[in-house]
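*Asks:*
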Amino acid sequence: MKLVIIDYGAGNIKSIQFAFKRLGYKAILSSDPKEIKRADKVIFPGVGEASSAMQKLKESGLDILIPKLKQPVLGICLGMQLLCKSTEEGNTIGLGVFNVEVKRFSNKVKVPQMGWNTVTNLKSKLFENVKEDAFMYLIHSYYAEANTQSIATTNYGLNYASALQKDNFYGVQFHPEKSSIDGEQILKNFLEL
Amino acid sequence: MLTKRIIPCLDIKNGRTVKGVNFVNLIDAGDPVELAKQYALEGADELVFLDISATLEGRNTTLEMVLKVAEQVNIPFTVGGGISSIEDVDRLLKSGADKVSINSSAVKRPELISELSEKFGSQCITVAIDAKQINNEWVVHLAGGSIPTQLNLFTWAKEVEQRGAGEILFTSMNNDGTKAGFANEALEKLSSELNIPIIASGGAGTIQHFIDTFKVGKADAALAASVFHFGEIPILELKQELQNNDIPVRL
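Chains as they are written, first to last, in my numbering: chain A, 360 to 552; chain B, 52 to 302.
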């Protein structure tokens, strides 16, 4: 299986690569559109600020390529948020795969949310062998609103979408690569889609 | 519900764990990777590695250690100690650290916090603050609590938040090493005045101390070293007891 992690200079991709290595898979880092297109599975990571990450995607033309991909794509953290319609962070227009707006948590809760929280209403094959209310590791200040494309929700002051799916596109707000055994199960499920 | 985090802290010198670590089932208790894996299995929510190497060579060895931890451990970890530039942070994050913790360098040049959070995102920038209560005032200290500054803990913590830090690791020098409990009054004040997560550090001796720091101190996470390293408080038992006291934990 050819597994590619999109490398566009946004954040900690080493951890994702290592997580797949622990599962026995080699993940290639690439920013080459041809190589990404040829992959069986694509990981779209992202850590940091949304508008500058989007700028980096545009510079390499990846903003055009990613929404057209046909194989399973997994957006992680900011990667998931960039697959949404828009985000309040830097007033950024997203890739529009998920029909959801990303908003900032209100100051009624501590921002960023940092730590382990539960995922519920699990709806997709991505969560096979993962129990309702499993714990995932999250660090984020912005959240995707829950909608019909939600395949998991989490509560932090309000219920929001901690995972989304549309066709071959999957997005998770949490970090499966840092979420212990349940996180590894999700990565494994993605590889088996 | 977001759970409260339990964070063991490991001191690292030249890529090895220092201070007594007394783990029964480990082949090499000086190997940070082995220890980290053990803690992850026992239910630690995060780990902090504090690099106390004094030489460049020692720091490079630590960088190799960070890479190995990232390769083998499936929970998040923070690396602190001697970080003073964007390049330092870049190297650590590229080696797989999830967060970095800065302390003295932020006091000396507060702009560093802004620069780092803009470049890497607030979520991976922890600012550690060591403070000592002197004549009823909490004074920020440097170099492990030996050098007092002109800064007041609460004023400095607010600036740290405004400059974009993702969380604060507050160590009370009055409590550190005493095993008499965390500085809950100051922690509670920090938590009510700021809107970023606060990690309590210094003073852990019993399970009750952890209950108190979450209930009274309103801490978001609690960090400790020796009570975990010597097996005085098993993490699983601690978390079960926290849950019995209605404190949300990951079990």
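A virtual CB, placed ideally from N, CA and C, is assigned to each residue, including glycine.
Because the structure is a prediction, the values reported are computed rather than measured.
Measure from the alpha carbon of residue 184 (chain B) to the alpha carbon of each residue in B:154, B:54, B:236, then state which is nearest.
*Replies:* When each option's Cα is compared against that of residue 184 (chain B), the closest is B:236.
*Asks:* Closer than 7 Å by beta-carbon distance: list the chain B residues that pair up with residue 466 (chain A), in chain order.
*Replies:* Residues of chain B passing the Cβ test: 246.
*Asks:* Within 10 angstroms of its Cβ, does residue 97 (chain B) collect 16 or more other Cβ (buried), or is it exposed?
*Replies:* With 16 or more Cβ atoms within 10 Å of its Cβ, residue 97 (chain B) is classed as buried.
*Asks:* How about residue 265 (chain B) and residue 298 (chain B): are their beta carbons less than 9 Å apart?
*Replies:* Yes, Cβ-Cβ distance for residue 265 (chain B) and residue 298 (chain B) is below 9 Å.
*Asks:* Could you tell me which residues DSSP pairs with residue 69 (chain B) in its beta bridges?
*Replies:* Paired residue(s): none; residue 69 (chain B) is not in a bridge.
*Asks:* So, using beta-carbon positions, are residue 149 (chain B) and residue 371 (chain A) closer together than 9 Å?
*Replies:* Yes. Within cutoff.
*Asks:* CB residue 482 (chain A) to CB residue 510 (chain A), shorter than 9 Å?
*Replies:* Result yes, Cβ atoms of residue 482 (chain A) and residue 510 (chain A) sit closer than 9 Å.
*Asks:* Helix, strand or coil: which one does DSSP assign to residue 254 (chain B)?
*Replies:* The answer is coil: DSSP assigns residue 254 (chain B) none of H, G, I, E or B.
*Asks:* Within its chain, find whatever has a CB closer than 8 Å to the CB of residue 68 (chain B); leave out the 5 residues flanking it on each side and keep chain order.
*Replies:* 61, 62, 80, 81, 82, 83, 86.
*Asks:* Per DSSP, which residues does residue 181 (chain B) bridge with? Please list them.
*Replies:* Bridge partners of residue 181 (chain B): B:192, B:222.
*Asks:* For residue 215 (chain B), which of B:172, B:181, B:199 has the nearest alpha-carbon?
*Replies:* The residue with the shortest Cα to Cα distance from residue 215 (chain B) is B:172.
*Asks:* Could you check where the alpha helix (DSSP H) with residue 295 (chain B) kicks off and where it finishes?
*Replies:* Counting along the chain, the alpha helix (DSSP H) containing residue 295 (chain B) begins and ends at 286-295.
*Asks:* Mind checking if residue 60 (chain B) is an interface residue toward chain A, Cβ cutoff 9 Å exclusive?
*Replies:* With 9 Å as the cut-off, residue 60 (chain B) does not count as an interface residue toward chain A.
*Asks:* Tell me which same chain residues have a C-beta within less than 8 Å of the C-beta of residue 75 (chain B), skipping the five on either side of it?
*Replies:* For residue 75 (chain B), the pLDDT reaches just 47, beneath the cut-off of 50, and the residue's location in the model is therefore unreliable, leaving the point undetermined.
*Asks:* Between residue 513 (chain A) and residue 200 (chain B), what straight-line distance do the alpha-carbon atoms span, to the nearest angstrom?
*Replies:* Whole-angstrom Cα-Cα distance: 42 Å.
*Asks:* Cβ closer than 7 Å: which chain B residues qualify as neighbours of residue 498 (chain A)?
*Replies:* Per Cβ cutoff of 7 Å: 174.
*Asks:* What are the residues that DSSP puts in a beta bridge with residue 463 (chain A)?
*Replies:* A:501, per the DSSP bridge assignment.
*Asks:* Could you give the distance in angstroms between the alpha-carbon of residue 90 (chain B) and the alpha-carbon of residue 432 (chain A)?
*Replies:* Their Cα atoms are separated by approximately 32 Å.
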